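I have placed the structure first, in the form of structure tokens, so that the comments after it can refer back to it.
In this note's numbering, the protein residues as written are 1 to 787.
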């Protein structure tokens, strides 16, 4: 009885407090913070003030745009039934972030009165969604001077934003009912995988047993991994076998490395800005390297580098947890980046590399050596003439440097996998400014990819790992109604750029990385064309590791920026994050994030600077040590075989194929013009056998590409992908644009050998008299010479 009386008194006291007139001065302060600072803290406090505070929230909702988005976002945490009629109109607001959070807030209210408005976000027309509004690919002549300009164009008023539709479907799952189930059932047949995934998840939330059979079919038969995953979870929820994941944060490490930076502005907190191509060398640096201990919001920071006009980049902790490896430039104007190592307490600093170059992205290998990226090779990349970075290895004391990758563009971010292989990011250039594409008559393909590749620490067995041709997954709506949309569009439909970066290996062998959908988990055990799980799939191409072909449009991102993930144990990663409402220069803070539940826990955030590149200071298992396949005195050539050039997705007349031309890349250190300092040597022409195979000896450590020719040596297919072999290596593939084979010819049963490998390899080696060409025929800097 006494407890009941006490509780009643407490409730009356709280009610009386809420009934008290709000402090006018405080109300004004909170209103200003909401309108000028986009502060969710102010919005929450306004809701706590009762009617006066809600009046401010109401005006923000009625105003639309970013203020309404912040108000709706706050109402997700603090639902207010009186806001429901104000939230529904935001579903079609010009600001899709406002619509996204309005749908989320309506889902929290669980009111059947909003079901019709939410269901209307699934259009009757196929693919009737937009990603970005404003801008179109149509062109008009301006009135002044006849200059051609883009024509501004908004999406139609009845066309919903796909992210709002996604959130609306999830909200229907929270509300339930007949209309919700009917809408979600129709969404299961939608061509957009994002819509199917949301529908499956929502049906699981409402435990729609009537659709169990349909979800079971989807769980095994859908062509997209994240849809199958959502359907499997829905089936488990309906059957009652679903187990809520444990998202208890792991124990914190004794210390955490981090970099503080004063001017992190873009979503691509990686290597470079790129609009729409890489323009300047950019290494994602910060001003100093710090040690945080204990690992907590009130932990103590120790400056390990104490630079006043320098930069640090790419910290890595040794496998025994005692050393730190990182790149540093001591003077921004006088020094390049070089590799350094120190003890975890900041003592014992030693410089491992030097020279007129930039050495970045260091990592320890299992045998004690170090891999890193460097532009010390001296040549310039194909298009923008930056100094190309490629992968090197060296001994732990900085001796015995060796180049092991030979991409004519850029390679970076090497990471030792538990298998002993090195996974790294690779910038691949496939055509621009009129460059010929794979098929005759194709130009302006605009496909540039930053993908993941793997190789052994000696550079052998280099090949694709993840990312190639996955642009259409991250940009499923094309053409995008954006002013630059035509740069990612091609009639064959698969030439859209993708960028994958900042990769780390989880304890179970999966890879967490940054893609155009932000944080993404890649499972290498699955086929590379269907192995990714974006943590926030609704973000699509808004939160990528860099801007490629399409503006990053961070203002349309309802989730925020994520960058530099680092494993923290199990499903947890440390990550640098800037929320969507705080995209100022120094908005990044450090968080723990659960990759399964999306629970996020603050680790450390100084609002005056950005914290990036967190690395736990703990011992960890060393990767396997691989034995080099190279011989010390090997012949400086290698062998390449192709099982069948006919095994290709490209549409060309197979009957006309007679031979393959082998081209080798040559480089210059001087910048002349885009594409001009890149030269090609015609190494030879190799016959193609009846089964489509060829077998050729080529120079080692040289970028090689191929052209399929007819009987008159006209080009049927112009391959734009570069490959290379190390001295003495044998490399093969199953066909153009198919998965690579890592099987050397000596391991293939004789009865299964391609016809070309049943005889001596053809030769395509440099020789006097080779044709060398540079530039293009219609450019004044074109040069054609004989060696």
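In this text, a Cβ means the ideal position worked out from N, Cα and C, and glycines have one as well.
If you're wondering where the values come from, they're calculated on a predicted model, not measured in any experiment.
Taking residue 456 as the reference, which of 450, 507, 403, 474 has the closest Cα?
-> It is 403.
Assuming residue 427 contacts residue 415 (C-beta within less than 8 Å), just tell me the rounded distance between them.
-> Actually they do not touch by this definition, with Cβ atoms about 16 Å apart.
Inter-stretch contact at 8 Å, needing at least 3 Cβ pairs: the segment 642 to 656 / the segment 283 to 303 | no
With a cut-off of 8 Å on the beta carbons, I'd call residue 612 and residue 324 a contact; round off their distance for me.
-> With a Cβ gap of about 16 Å, residue 612 and residue 324 do not count as contacting.
Kindly list the residues whose CB is nearer than 7 Å to the CB of residue 608, restricted to its own chain and excluding five residues on each side of it in sequence; keep chain order.
-> 586
Boundaries (first-last residue) of the alpha helix (DSSP H) holding residue 35 = 24 to 37
Out of curiosity, what's the CA-to-CA distance linking residue 595 and residue 559?
-> 14 Å
In whole angstroms, what separates the C-alpha of residue 201 from that of residue 215?
-> 10 Å
Pick out whichever of 368, 168, 765, 374 has its Cα sitting closest to the Cα of residue 337.
-> 374
Per DSSP, which residues does residue 402 bridge with? Please list them.
-> 393
How about the segment 612 to 621 and the segment 516 to 533: do they share at least three Cβ pairs that are nearer than 8 Å?
-> no
Please go through the same chain and pick out, in chain order, the residues whose beta-carbon is closer than 7 Å to the beta-carbon of residue 197, but skip the five residues on each side of it.
-> The residues are 226, 227, 230, 537.
Just curious, the beta strand (DSSP E) that residue 96 is in, first and last residue?
-> Counting along the chain, residue 96 falls outside any beta strand (DSSP E), though it belongs to the alpha helix (DSSP H) covering 96 to 109.
Ends of the beta strand (DSSP E) at residue 76?
-> Following the DSSP letters along the chain, one finds residue 76 in no beta strand (DSSP E) but inside the alpha helix (DSSP H) bounded by residues 65 to 77.
Helix, strand or coil at residue 409 according to DSSP, with G and I counted as helix | coil
Give me whichever residues DSSP pairs with residue 369 in a beta bridge.
-> DSSP lists no partner for residue 369.
7 Å Cβ cutoff met for residue 467 and residue 498 = yes
In chain order, what residues of the same chain have a beta carbon less than 8 Å from the beta carbon of residue 639, not counting five sequence neighbours either side?
-> 695, 696, 697, 698, 725, 729, 730, 731, 745, 761
Please list the segments of the beta strand (DSSP E) lying wholly inside the segment 687 to 743, counting only runs of 3 or more residues, in order along the chain.
-> 694 to 699, 704 to 709, 715 to 718, 730 to 733
Is residue 422 near the ligand GTP, going by C-beta to nearest heavy atom under 6 Å?
-> The ligand GTP is not among the ligands present in this structure, which contains no ligands whatsoever.
Can the beta-carbon of residue 501 be found less than 7 Å from the beta-carbon of residue 514?
-> Closer than 7 Å, so yes.
Cutoff 7 Å; reference residue 523; Cβ partners in own chain excluding five residues on either side = 510, 531
Have a look at residue 160 and residue 91 and give me their C-alpha separation to the nearest angstrom.
-> 8 Å
If we ignore side chains and look at the alpha-carbon of each, how far apart do residue 644 and residue 765 end up?
-> 22 Å
Cα-Cα, which of 355, 703, 319 is closest to residue 334?
-> 355
Give the single residue among 172, 683, 562, 689 whose Cα lies nearest to the Cα of residue 659.
-> Ranking the options by Cα distance to residue 659, first place goes to 689.
Are three or more beta carbon pairs between the segment 75 to 91 and the segment 100 to 111 nearer than 8 Å?
-> Judged by pairs of C-beta atoms under 8 Å, the segment 75 to 91 touches the segment 100 to 111, as three or more such pairs exist.
If residue 599 and residue 247 are in contact, beta carbons under 8 Å, what's the gap, nearest whole angstrom?
-> 5 Å between Cβ atoms; contact.
Please go through the same chain and pick out, in chain order, the residues whose beta-carbon is closer than 7 Å to the beta-carbon of residue 309, but skip the five residues on each side of it.
-> 331, 332
Could you check how far apart the C-beta atoms of residue 296 and residue 312 are, in whole angstroms? I think they sit under 8 Å.
-> Residue 296 to residue 312, Cβ: 23 Å. No contact.
Residues in its own chain within less than 6 Å of residue 348 by CB, not counting five upstream and five downstream?
-> 342
Can you tell me the Cβ-Cβ gap for residue 52 and residue 27, rounded? I've got them flagged as a contact below 8 Å.
-> 6 Å
Please state if the CB of residue 211 and the CB of residue 187 are separated by a distance shorter than 7 Å.
-> no
Endpoints, the alpha helix (DSSP H) within which residue 229 is located | 225 to 239
Which same chain residues, not among the five before or five after residue 458, have their C-beta less than 6 Å away from its C-beta?
-> 628, 630
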